[in-house]
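Heads up, the thing below is written out as structure tokens.
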Amino acid sequence: MADYGAMKKLLLIVLCFILPPLAVFFHEGLTRKVLWAILWQLLGHVPGIIYGILVVTKDPAK
């Protein structure tokens, strides 16, 4: 059987490189972290990617 949790995390990390706020939204839902991701994305694509990966690779959303 495939580990769907690992597959989901991998897809979210790939999505972080394309559109980090969307990856954070899929992982966390509509929270302040999404607003931070949008802010970092507006300040530059690389900071948005870094923030998105940090959020996605942390413990699962509650």
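Heads up, our numbering is the position in the sequence shown plus 1041, with the first residue counted as 1.
Backbone N, C-alpha and C fix where the C-beta goes; we use that ideal spot for every residue, glycine too.
Reduced DSSP secondary structure (H/G/I, E/B, other) of residue i
i	result
T1072	coil
K1049	helix
L1095	helix
L1056	helix
G1089	helix
CB-CB length for residue i against residue j, believed under 8 Å
i	j	result
V1055	K1074	Not quite, the Cβ-Cβ distance comes to about 19 Å (not below 8 Å), so this is no contact.
A1047	P1061	Between P1061 and A1047 the Cβ distance is about 20 Å, and since that is not below 8 Å, they are no contact.
Practice prompt. Could you say if the region 1043-1050 and the region 1079-1089 meet the contact criterion of at least three C-beta pairs nearer than 8 Å?
Written response: no
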